[in-house]
Structures are given as C-alpha cells and as structure tokens.
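**Q** According to numbering that gives the first Met the number 0, the sequence shown is numbered sequentially starting from 0.
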Amino acid sequence: MYIKVPKGTQDVLPENISKWYYIEGIIKEILNKYGYKEIRTPFFEYTDLFVRGIGESTDIVTKEMFTFPDRKGRSLTLRPEGTAPVVRAYLENRMDRISKVVKLFYLGPMFRCEKPQAGRFRQFNQFGIEIIGTKSSAADAEVIITILEVYKKLGLKNIETAINSVGCKKCRTKYIQKLKKYLKNKKDFLCAECKERYIKNPLRVLDCKKDSCKKIIEEAPLITENLCQECELHFAEVKSYLNDQKIIFHEDPRLVRGLDYYTKTAFEIISGELGAQNAIGGGGRYDDLVEELGGKPTPAVGFAAGIERMIIAMDQQNIEWPLKEELVIFVATVNEKTQERAFRLLQKIRNTGLSADMDYSGGSLKSQMRIANKIGARYTVIVGEEELSKNMVILRNMKTKEQKEVKIDNIINELGLSGRRLSGGRFY
Ligand code: HAM
Numbered sequence: 000m001y002i003k004v005p006k007g008t009q010d011v012l013p014e015n016i017s018k019w020y021y022i023e024g025i026i027k028e029i030l031n032k033y034g035y036k037e038i039r040t041p042f043f044e045y046t047d048l049f050v051r052g053i054g055e056s057t058d059i060v061t062k063e064m065f066t067f068p069d070r071k072g073r074s075l076t077l078r079p080e081g082t083a084p085v086v087r088a089y090l091e092n093r094m095d096r097i098s099k100v101v102k103l104f105y106l107g108p109m110f111r112c113e114k115p116q117a118g119r120f121r122q123f124n125q126f127g128i129e130i131i132g133t134k135s136s137a138a139d140a141e142v143i144i145t146i147l148e149v150y151k152k153l154g155l156k157n158i159e160t161a162i163n164s165v166g167c168k169k170c171r172t173k174y175i176q177k178l179k180k181y182l183k184n185k186k187d188f189l190c191a192e193c194k195e196r197y198i199k200n201p202l203r204v205l206d207c208k209k210d211s212c213k214k215i216i217e218e219a220p221l222i223t224e225n226l227c228q229e230c231e232l233h234f235a236e237v238k239s240y241l242n243d244q245k246i247i248f249h250e251d252p253r254l255v256r257g258l259d260y261y262t263k264t265a266f267e268i269i270s271g272e273l274g275a276q277n278a279i280g281g282g283g284r285y286d287d288l289v290e291e292l293g294g295k296p297t298p299a300v301g302f303a304a305g306i307e308r309m310i311i312a313m314d315q316q317n318i319e320w321p322l323k324e325e326l327v328i329f330v331a332t333v334n335e336k337t338q339e340r341a342f343r344l345l346q347k348i349r350n351t352g353l354s355a356d357m358d359y360s361g362g363s364l365k366s367q368m369r370i371a372n373k374i375g376a377r378y379t380v381i382v383g384e385e386e387l388s389k390n391m392v393i394l395r396n397m398k399t400k401e402q403k404e405v406k407i408d409n410i411i412n413e414l415g416l417s418g419r420r421l422s423g424g425r426f427y
C-alpha cells in the first residue's frame, strides 16, 4: 500500500507545472507594473496572530486552522491567509519608515482544514496584494482593477464583481444593534449555525446560504443604508473610480466576508464556472488591523485570489495555455561506446545556453528517438561510432525528419541557434 497525499492536498505534476509558471508570470508582470513589491512570510506563525487578526469567532479561527504546539509548547498555526502575516511583517520590520504607503504582494500556499470539495482544498495557493498606509478610495479601486486585469490577461470570462461597504467601527456597531433587534424575534427560525452567529457575530448571518435564513435576511436592514457619512462618501468614491475605469460590478448590500478585519469596502469576485466554491478572489479595506496587531492606526486595503480556482475556471472555459518551450536538443547514442563522447557533447551544447538532454536508460536508438519525439525535441544529435571516427555526428531535424552529417566542432553553428537567441523566447 502506498501512502497517499493528505486529504485536501494535491501534487502539481510536471505536465501541469507550466500552467503555474504561466499564471505566476502574468501575476508578477502585472503587479510589477502597478508598483507592488513581493514579500515572503513564513508558512506558519504564532496562533495568536490569526486569532487576533482574523477574529475569534470566525469559521477560519474556530474550525479551520491547522494548529499545533512546537517542542516548547508554543502554539503555532499554518497560515490560513496572508493579510495578518503581511501586517505582522510590516510592523516587525518597521516598513512605515521606508515609505508612508507600502505596496506588497505575495504568492504561496495557505492552509485551511475545510471539508474538501471541488475547488476547495486544505492546502491551496493564493496571490494577494496589500496597500498599507492609505485611506484613499483610489487605493480600493486600484486593488479591484488590478485583480481584474490579471483575470483579463489570463483570458478568464464570465466573472462577476460584487462590492459592498461594511462600514467602520462606529457605524457598524450601531448597525449590528439594529440587525440584532431585527433578528431577535426571528432567531428560532435561523439555522443552528446562525443561532450561534446571532450571539457571537451577527453580521455573518447575512452570509448564510440556507433557504430558511435567506428568507429572513431578505427583509433585514441593510448596512449600506446605515453607513456614517464618511463611509458613505468613501463607498461612493470607490464606485466612481470604478465607473470611470469602465469596470463592471454590482453592489451586494448583503456581502460580508468571512474575516472580521474588514472595514468600509468589501468585495468578492465570482466565476460562473466554479459551482459552490465560486469565489476566485476577494478582499477589502481593513483600517483597524494594523492597530489591533500592535501598530499605530494605519489604514489598509487588499485582496487575495485562489490560484487553483483560477486554473479550474480557465480549464473549464477551454482557455488555451501557451505552449511551453520544450527541450530543444536531444543527444542519442548508437551504443555504449559512444556514450562518453555523447555526454561531453551534451554538456557542450548545454553550456551554450540551449536546453538539451539524453537518455540514460541504455535503450536502443529507436527507443531514444521515441523519447526525443515524446519530449518534443526540435533536433536530435545522433552520436554514431563511424561518424565519431571522422569527428562528425548526425543532426536530425525532428520536424522535417531531414538529417545530415555535421562536424562536431561546428554543431552549434549548424543548429543555427545560439543559446542567447533562444533564451530571448519565452520559457514558461
Ligand atoms: P478569502 O476570501 O478568505 O480572503 O480568500 C481569498 C481567495 O482564496 C478566495 O476567493 C478563494 O479563491 C481562495 N480560497 C479560499 N479558501 C480556499 C480553499 N479552501 N481552497 C481553494 N481556494 C480557497 C482572504 O484570504 C483575505 N486575506 C483576502 C484579503 C487580502 N483581504 C484583504 N487583503
């Protein structure tokens, strides 16, 4: 019996890795254009960071974290998201000293112990951006525009952007009281989970997908009708920036996100292809988080997107992945006697910068040619005994099947490809 991959995790096999390289390449290209700098934080942090950052009563903290003690009994947690760690790093490294507004991006695995289903994993990858140090509504708009540009560049269609404002501490506290009052005599009809949410985190009731709760929510007071003047103005500005850039979005006054740190703007991007797990990205403003994690009051906004979900949506939309550049040259030997010279030649070709390989399994020339075809080599250099005695090899164009004898010393010129010229192409 083989040991299997843990539940909710998956291998990215060599035949799929070029999809990841491609997506990561596009992400980095666009984020670079928008002025974001990459940050890499540890895969695990002290548990308290997430409890304080994401919120004690959220599903992530109560049910989904992979938490374990280290050898000295300190509680550690595999990061379920990237925002709290980025803010921790921002504070710990005094990034506010570098510039007033800091723009960071990250890309990497996150861990949530959720029930696995299509598009929902226990280890999944996110790319995300965080703009820390500004309350400007232009930053909120930029975040949304950036994520949409990534999706567009990847060719993703059929996506919807829902936005809302969840207010600030001031107006939200008042709104929650209003919401609780409304729910009070209806709470017996709420699902078991929402009964608990009613006590611990009433705002989350708005996010319930169960029919019984949905009906009740429909009539509930709306946060957008209870915003303070500042939040209302900020929300209007964000929408105005988006409209000005011809971004298509809709307002969803019941949109609340699964993390407690949001203030003002909250948004989610949904793909029509993904079924129940249809959020391919989401984010919003979190003006209190830096302070809650020990810093001085510092407004911030950001988003994160699930890369596996993007790949699933792209595959379902039959978006063509750009062909990756395969191996260029395959070196074949006719027998063991020519192996040493062939290996020397192989290294010589590689040293020019070209990608080249040979087969070490000791197979026949025929089987080596099959391998060369399978890996998509453009040329095969056949190292034969007789040719070697004349310092020659056979060069075979795998596409046209033409072959000719060429001088070993001349092989690079004969290929008509210098490493420099080739690497000018794109390797995903
Ligand atoms: P989130 O909505 O929890 O936000 O996650 C962002 C995205 O990660 C989701 O839209 C989804 O695409 C992907 N995702 C989440 N859970 C899973 C899962 N179990 N399997 C596969 N994909 C998943 C955040 O994480 C916030 N930190 C976003 C943010 C950044 N807000 C402000 N800045």
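Backbone N, C-alpha and C define an ideal beta-carbon position, used for all residues, glycine too.
1. Starting from residue 315, follow the alpha helix (DSSP H) in both directions and report where the run begins and ends.
2. Do you know offhand how far residue 375's Cα is from residue 312's?
3. Roughly how many angstroms lie between the CA atoms of residue 426 and residue 401, to the nearest whole one?
4. Regarding residue 54 and the ligand HAM, is the C-beta to nearest heavy atom distance less than 7 angstroms?
5. Indicate the three-state DSSP secondary structure (helix, strand or coil) for residue 264 in the structure shown.
6. Could you tell me how far apart the beta carbons of residue 98 and residue 233 are, in whole angstroms, since I believe they sit closer than 8 angstroms?
7. Which one of 64, 76 and 174 has the shortest CA to CA distance from residue 220?
8. Between the beta-carbon of residue 104 and the beta-carbon of residue 126, is there less than 8 angstroms?
9. Quick one: grab the DSSP three-state call for residue 101.
10. Classify residue 367: buried if its beta carbon has 16 or more other beta carbons within 10 angstroms, exposed otherwise.
11. With DSSP run on the structure shown, which of helix, strand or coil describes residue 275?
12. Tell me the DSSP secondary structure of residue 430 in three-state form.
13. Looking at the unbroken alpha helix (DSSP H) that takes in residue 367, where does it start and where does it end?
14. Would you mind sorting residue 141 into buried or exposed? The rule is 16 or more other CB atoms within 10 Å of its CB.
15. Does residue 31 come out as helix, strand or coil in the three-state DSSP assignment?
16. Judging by CA-CA distance, which residue of 56, 355 and 45 is the nearest neighbour of residue 69?
17. Any heavy atom of the ligand HAM closer than 7 angstroms to the beta-carbon of residue 82?
18. If you drop the 5 nearest sequence neighbours on each side, which residues of the same chain put their C-beta closer than 7 angstroms to that of residue 133?
19. Would you give the residue range spanned by the alpha helix (DSSP H) that residue 288 belongs to?
20. Where does residue 196 sit, in a helix, a strand or coil, going by DSSP?
21. Using a Cβ cut-off of 8 angstroms (strictly closer), state whether residue 70 contacts chain C.
22. Leaving out five residues before and five after residue 420 in sequence, what residues of the same chain have Cβ atoms less than 7 angstroms from its Cβ?
23. Considering Cα atoms alone, identify which of 372, 306 and 411 is closest to residue 347.
24. Considering only residues of the same chain and omitting the five flanking positions on each side of residue 122, which have a CB-CB separation below 6 angstroms?
25. In whole angstroms, give me the CA-to-CA distance for residue 235 and residue 229.
26. Please classify residue 286 as buried or exposed, where buried requires at least 16 other C-beta atoms within 10 Å of its C-beta.
27. Decide if the segment 242 to 256 is in contact with the segment 177 to 185; the criterion is three or more beta carbon pairs, one per stretch, under 8 angstroms apart.
28. In whole angstroms, what separates the C-alpha of residue 138 from that of residue 319?
29. What do you get for residue 408, buried or exposed, if any count of 16 or more other CB atoms within 10 angstroms of its CB means buried?
30. If I measure Cβ to Cβ from residue 190 and keep anything under 8 angstroms in the same chain, skipping five residues before and after, which residues do I get?
31. Distance, Cα to Cα, residue 50 vs residue 60?
**A** So, to answer that:
1. 306 to 315
2. 28 angstroms
3. Confidence at residue 426 is low in this model, with a pLDDT of 32, below 50, so the placement of that residue should be treated as unreliable; the coordinate-derived value is given next. Taking the straight line joining both Cα atoms gives about 26 angstroms.
4. no
5. strand
6. Not confirmed; about 23 angstroms, so no contact.
7. 174
8. yes
9. strand
10. buried
11. coil
12. Nothing can be reported for residue 430: it is not among the residues displayed for the chain, which extend from 0 to 427.
13. 364 to 373
14. buried
15. helix
16. 45
17. yes
18. 100 and 298
19. 288 to 291
20. helix
21. In the structure shown, chain C cannot be found, because there is only a single protein chain.
22. A caution first: residue 420 carries a pLDDT of 43, below 50, which makes its placement in the model unreliable, though a value can still be read off. Cβ within range, chain order: n/a, list empty.
23. 411
24. 8, 108 and 110
25. 10 angstroms
26. buried
27. no
28. 32 angstroms
29. exposed
30. 207, 209, 211 and 212
31. 6 angstroms
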